[in-house]
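Below is one structure, written out as structure tokens, with a few remarks after it.
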Amino acid sequence: MSAAQWATAFAPASVGNVAIGFDILGFAVDALGDRVTVSRSARPGVTITAVSGIAGELPTDPAQNTAGRALQAMHAALAPPFGFEMRIEKGIPLGSGLGGSAASAVGAVVAANALLEQPIEKIELLKFAMQGEAVASGSLHVDNISPSLFGGLVLTVGIDHPRVKRIPVPPGVCAVLIHPHMFLATRQARAILKRDVPLADFVWQTANLAGFISGCYTDDLDMIRASFEDVVIEPQRQALIPGFAAVRAAALAAGALGCSISGAGPTLFAWALETQAQAVLAAMRAPLVAGGAGVDEWIVDLHRDGARVVASG
Ligand code: HSE
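Reading the sequence shown from the start, the letters are residues 0 to 312 in numbering that gives the first Met the number 0.
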């Protein structure tokens with residue numbers, strides 16, 4: 000069977016950091032995502048013909064666009080005998096902390112891969128998508144790219160030679176997300192972070208990351224709950240999100256296993272038992288709405304696959 004002339008990929012949104020894994024841990028949010036269509040083109044290199052959806056103003060110069068830069072890296076490395084022409088349909092709000100730039104980059108490389116005579120493995124696509132993420136946030140981090148590509152909860156170790164491990168999520172556990180309608184630039188939320196971490200906080204955070212992951216592998220909800228606390232990044236960022244402390248307290252009081260900032264924010268997330276998810280969502284919503292914020296909200300399955308081709312021809 001010959002490769003496709005065009006392909007459309009869906010790439011899910013994602014929650015980066017998951018409280019305790021700054022820049023290395025993330026989970027896919029299949030309830031929303033970006034759709035990217037890539038076609039073979041007689042024009043060499045990479046062209047972006049349209050950006051639509053809830054995009055605002057996004058650059059169509061490929062070098063300035065997360066998906067464009069990812070495809071440029073892929074095209075330069077693999078040198079297919081045709082150009083890539085791309086249309087991007089944004090389903091993830093910009094500046095929401097839901098991995099929108101990562102999803103566009105992931106969608107682009109997954110769609111383009113379907114055009115190759117010899118498609119490459121997802122782990123190879125990851126490196127190209129990472130080049131795109133760097134355009135948006137100014138740094139090479141992978142905690143949104145990896146879950147958008149692979150699905151579920153994903154740990155990524157290394158940048159130059161990333162190793163990706165999908166972490167099992169205990170059955171019956173889901174995520175609750177609430178997005179207050181404000182824009183928060185990842186660059187800004189990274190720029191405020193102190194460069195140094197006190198030794199005691201390092202120990203605490205390391206214990207929490209290890210506890211969280213071991214709790215996931217052993218279905219130990221008590222361990223997950225006890226470990227679900229970011230003592231390094233969240234204290235520095237929470238002032239950027241009005242109502243954060245009240246939302247977190249309400250989520251925990253309603254039974255959430257933990258609650259924190261999704262990536263750089265302002266979206267907030269919790270993990271909860273499916274049986275308690277609606278109550279946790281209502282608890283998280285109340286302080287935001289009382290503060291006058293408009294919100295979007297989702298309850299998310301943590302066991303779904305990542306980016307995939309949804310149409311081709
Ligand atoms: N890990 C990143 C951060 C995610 O928190 O800055 C945002 O892209």
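C-beta atoms are modelled at their ideal positions from N, C-alpha and C, and glycine is treated no differently. Computed from a prediction, not measured in an experiment: that's the story for all the values here.
**Message:** Output needed for Q59: all residues of its chain with C-beta closer than 7 Å, excluding positions within five of it in sequence on either side, in chain order.
**Reply:** The residue asked about is misnamed: residue 59 is Thr in this sequence, not Gln. Excluding residues within five positions, the ones whose Cβ falls inside 7 Å are I47, V50.
**Prompt:** In the structure shown, what three-state DSSP assignment does F182 receive?
**Reply:** Reduced to three states, the DSSP call for F182 is coil.
**Message:** Any heavy atom of the ligand HSE inside 8 Å of the beta-carbon of N207?
**Reply:** no
**Request:** With a 10 Å radius around its C-beta and 16 neighbouring C-beta atoms as the bar for buried, classify K126 as buried or exposed.
**Result:** Buried.
**A69 burial status per 10 Å Cβ neighbour count (16 or more: buried)** = buried
**Item:** With 16 other Cβ atoms within 10 Å as the buried cut-off, status of H74
**Value:** When all chains shown are included, H74 counts as buried.
**Asked** CA-CA distance, D318 and L114?
**Response** Because residue 318 is not part of the residues shown, which for the chain are 0 to 312, the question remains open.
**Request:** Figure out for me which residue from A101, P197, K164 has the closest Cα to the Cα of H140.
**Result:** A101
**For P241 and I177, the rounded distance between their alpha carbons** = If you take the alpha carbons of I177 and P241, they lie about 13 Å apart.
**Request:** State yes or no: is the C-beta of T185 nearer than 8 Å to some heavy atom of the ligand HSE?
**Result:** yes
**Residue nearest to Q204 in terms of C-alpha spacing, selected from A263, A190, A225, R189** = A225
**Asked** What distance in whole Å lies between the Cβ atoms of A104 and E132, which are believed to be in contact at a cut-off of 8 Å?
**Response** 6 Å
**Prompt:** Taking the continuous beta strand (DSSP E) assigned at A310, which residues delimit it?
**Reply:** 307–311
**Assumed close pair A263, P146 - CB separation to whole angstroms, cut-off 8 Å** = Not quite, the Cβ-Cβ distance comes to about 15 Å (not below 8 Å), so this is no contact.
**Asked** Looking at the structure shown, is K193 part of a helix, part of a strand, or coil, going by DSSP?
**Response** coil
**Item:** Pairwise C-alpha distance: L154 and G20
**Value:** 8 Å
**Prompt:** Per DSSP, C173 is paired with what?
**Reply:** A271, D300
**Asked** Between the C-alpha atoms of M222 and P161, what's the straight-line distance to the nearest angstrom?
**Response** 27 Å
**Request:** With hydrogens ignored, establish whether the beta-carbon of F26 is closer than 8 Å to any heavy atom of the ligand HSE.
**Result:** no
**Item:** Cα-Cα separation, G291 to A285
**Value:** 10 Å
**Message:** Give me the DSSP bridge partner(s) of W5.
**Reply:** Note: W5 sits in a beta bridge opposite S38.
**Asked** Buried or exposed: where does F9 fall if 16 or more other Cβ atoms within 10 Å of its Cβ makes it buried?
**Response** With 16 or more neighbouring CB atoms inside 10 Å of its own CB, F9 falls in the buried class.
**Request:** Look up D221 in the DSSP assignment and say whether it is helix, strand or coil.
**Result:** helix
**Item:** Candidates L198, S259, I298, T65: closest to S138 by CA position
**Value:** T65
**Asked** Just to check, is the beta-carbon of A292 closer than 8 Å to a non-hydrogen atom of the ligand HSE?
**Response** no
**Request:** Compute the Euclidean distance between the alpha carbons of Q277 and I144, then round it to the nearest angstrom.
**Result:** Going by the C-alpha atoms only, they are around 28 Å apart.
**Request:** Can you check DSSP and say which residues form a bridge with F355?
**Result:** No answer is possible for residue 355: the residues shown for the chain start at 0 and end at 312.
**Message:** Check for me: the beta strand (DSSP E) holding A49 runs from which residue to which?
**Reply:** 45–52
**Request:** Just the C-alpha distance for I119 and V156, rounded to the nearest angstrom, thanks.
**Result:** Between I119 and V156, the C-alpha separation is close to 20 Å.
**Message:** Within 10 Å of its beta-carbon, does V246 have 16 or more other beta-carbons around it, so buried, or fewer, so exposed?
**Reply:** buried
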